[in-house]
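**Q** Here it is, the structure in full.
2 protein chains.
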Amino acid sequence: MNISTRGRYGLRALVELSALSREGPVNLRDLSEKQKMSIDYLEQIFNKLKRAGIVQSIRGAKGGYVLATNEDEITVSQVINALDGPISISNCYNPNLREKSCTGPATCVTRVLWKGLENTIESMLSSITLKDLRQEKFDFKLKRSRKNGKKNLLRS
Amino acid sequence: MNISTRGRYGLRALVELSALSREGPVNLRDLSEKQKMSIDYLEQIFNKLKRAGIVQSIRGAKGGYVLATNEDEITVSQVINALDGPISISNCYNPNLREKSCTGPATCVTRVLWKGLENTIESMLSSITLKDLRQEKFDFKLKRSRKNGKKNLLRS
DNA sequence: TTAATCTTGACAAAGTTAGTAAGGATTGCG
DNA sequence: CGCAATCCTTACTAACTTTGTCAAGATTAA
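Protein chains in written order, with my numbering: chain A, 77 to 232; chain B, 77 to 232.
This is how it looks when you write it as structure tokens:
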């Protein structure tokens, strides 16, 4: 149970990009130096981000990348999805993967558990944007519980 | 991001065991037939469960396994912990793993994000017991939000 | 034209997963 | 006792995933 380095590096780089790209496109060399990541790996990562419509590229000298939309419209969920694929706790209900799919009933209780956990995580990651991360202001209030007044800020 | 088959098989087998073991010890052959899992794999799994103190073994003919404590004292979190190790979204803050640990500050915002997500998942899985699963009654209300009256039952 | 960038695809070392296999130890029962 | 049922332990391996590296190309600003 892990979000891969690809997803995590990508997210960190995007937060950095989000802070820098008001001044114009940011090139990968700068990003790689700021974030201590290899340029080659970042290229792979940004290629995926571009195909997912999260960033735009500007080719040629003085080129680089910018966010394709507002920083408060890009969620952690979108980023992880683009880089690592959909979050999946268990594949037992996903028939087109090599793994034997569970032979039990469709309402198998552990299946329901994993699916529910998945939905909750997805929900949490959908509620946090690049802007929230850049400003270091985010919480884990789930979207489904709307009546909860107090924000439960995470600071440690 | 995945809970391994080891963890998932183990959990399913334990729910079955929870239902059957009132009558006395249950042997792995029976469990493996009911749940369509290989005996060899189950042996590996139950070995870990035993070392974690979740089940007790009775050796010899007519032996088998029983839960070591009440079914409502064994949480999903404990089971997954025993079989897959602690849930970890990101190792960037864990210094004794091979992966380069993040060079940023300890309060690195993505680090805080992953750690918070981890805590939330842990919290959810700690709130669900084998009994809940056997009875197919559980929800994802987090422990930390106590004022929430309505239960949000997961049934699909 | 040239240097700075992005673009694309191939490749590989290391690690993880999902089991399989084999032999041993313990104990109930006839 | 002796044997069958059962747990116990360790070793092994094929397939897959992760984490990058590398190289050659395309595009564009200056």
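Backbone N, C-alpha and C define an ideal beta-carbon position, used for all residues, glycine too.
1) Given a limit of 9 Å on CB to CB distance, which residues of the stretch 131-157 of chain B reach chain A?
2) Within 8 Å (strictly less), CB to CB, does A:R98 reach chain B?
3) Give me the Cα-Cα distance between B:R82 and A:A137, rounded to the nearest whole angstrom.
4) Compute the beta-carbon to beta-carbon distance between B:Y141 and B:V155, rounded to the nearest angstrom, for a pair I have assumed lies under 8 Å.
5) Taking the beta carbon of A:I30 as the centre, do at least 16 other beta carbons fall within 10 Å, making it buried, or is it exposed?
6) Measure the CB-CB distance between A:L87 and B:I197 and report whether it falls below 8 Å.
7) Give me the residue from A:T145, A:K124 and A:L189 with the minimum Cα distance to A:A158.
8) Chain B partners of A:V91, CB-CB under 8 Å?
9) Over the uninterrupted beta strand (DSSP E) stretch that includes A:I134, give me the two end residues.
10) Are the C-beta of A:A95 and some C-beta of chain B separated by less than 8 Å?
11) Report yes if the C-beta distance between B:I249 and A:I165 is below 8 Å; otherwise report no.
12) Starting from the C-beta of B:E119, find all residues in its chain whose C-beta is less than 7 Å away, skip the five residues before and the five after it, and write them out in chain order.
13) Name, please, each residue of chain A whose Cβ falls closer than 7 Å to the Cβ of B:R88.
14) Rank A:S97, A:D148, A:A89 and A:I163 by C-alpha distance to the C-alpha of A:E109 and give the top, closest one.
15) Between A:L143 and the rest of its own chain, which residues show a CB-CB distance below 8 Å, the 5 nearest in sequence each way excluded?
16) Going by C-alpha to C-alpha distance, which of B:R135, B:Q111, B:K191 and B:E147 sits closest to B:R84?
17) Are the C-beta of A:N172 and some C-beta of chain B separated by less than 8 Å?
18) Is the Cβ of A:T196 closer than 8 Å to any Cβ of chain B?
19) Do A:L189 and A:V152 have their C-beta atoms closer together than 8 Å?
20) Quick one: give me the first and last residue of the beta strand (DSSP E) that B:V142 is part of.
21) By Cβ distance, which residues of its chain are closer than 8 Å to A:I121, with the 5 residues on each side in sequence left out?
22) Classify A:F214: buried if its beta carbon has 16 or more other beta carbons within 10 angstroms, exposed otherwise.
23) Please check if any C-beta of chain A sits within less than 8 Å of the C-beta of B:R84.
24) Do B:T145 and A:L209 have their C-beta atoms closer together than 8 Å?
25) Among all the DSSP beta bridges, which residues are the ones paired with B:T151?
26) Rounded to whole angstroms, what is the Cα-Cα separation between A:D148 and B:I163?
27) Which bits of chain B does A:I204 rub up against, with CB to CB less than 8 Å?
28) Can you list, in chain order, the residues of its chain whose CB lies under 8 Å from that of A:G139, leaving out five sequence neighbours each side?
**A** With the given structure in hand:
1) Against chain A - using a Cβ distance shorter than 9 Å - the residues of the stretch 131-157 of chain B are V152 and I156.
2) For A:R98, the nearest beta carbon of chain B is not closer than 8 Å to its own beta carbon.
3) Taking the straight line joining both Cα atoms gives about 51 Å.
4) Approximately 14 Å separates the beta-carbon atoms of B:Y141 and B:V155; this is outside 8 Å, ruling out the contact.
5) Only positions 77 to 232 of chain A appear in the structure, and residue 30 of chain A is not among them; the question remains open.
6) Result no, Cβ atoms of A:L87 and B:I197 do not sit closer than 8 Å.
7) It is A:K124 whose Cα lies nearest to the Cα of A:A158.
8) At a beta-carbon threshold of 8 Å, the residues of chain B lying near A:V91 are V185 and T186, ordered along the chain.
9) Note, A:I134: beta strand (DSSP E), V131 to I134.
10) Taking Cβ atoms only, chain B never reaches closer than 8 Å to A:A95, which makes this a no.
11) Outside the displayed range of chain B (77 to 232) lies residue 249 of chain B, so it cannot be described from this structure.
12) So the list reads L104, once near-sequence residues are dropped.
13) T186, listed in chain order.
14) Ranked by how close their Cα comes to the Cα of A:E109, the residues A:S97, A:D148, A:A89 and A:I163 have A:A89 in first place.
15) Excluding five sequence positions before and after A:L143, the CB atoms of its chain that fall closer than 8 Å to its own CB belong to L90, L93, S94, S97, I130, V131, Q132, I150 and L206, given in chain order.
16) The residue with the shortest Cα to Cα distance from B:R84 is B:Q111.
17) Note that A:N172 scores a pLDDT of 46, beneath 50, so its modelled location is shaky; the value from the coordinates is reported in the next line. No, A:N172 lies away from the interface with chain B (no Cβ there is under 8 Å from its Cβ).
18) Taking CB atoms only, A:T196 has a neighbour in chain B less than 8 Å away.
19) With a cutoff of 8 Å on beta-carbon distance, A:L189 and A:V152 are scored as not near each other.
20) Membership of B:V142 in the beta strand (DSSP E) is indicated by the continuous run G140 to L143.
21) Closer than 8 Å at the Cβ level, and outside the excluded window around A:I121, lie R82, Y85, G86, A89 and L159.
22) So A:F214 counts as buried.
23) Taking Cβ atoms only, chain A reaches closer than 8 Å to B:R84, which makes this a yes.
24) At a Cβ-Cβ threshold of 8 Å, B:T145 and A:L209 do not count as neighbours.
25) B:T205.
26) So the alpha carbons of these two residues sit roughly 29 Å apart.
27) Under the 8 Å cutoff, chain B gives L189.
28) Around A:G139: P101, N103 and S133.
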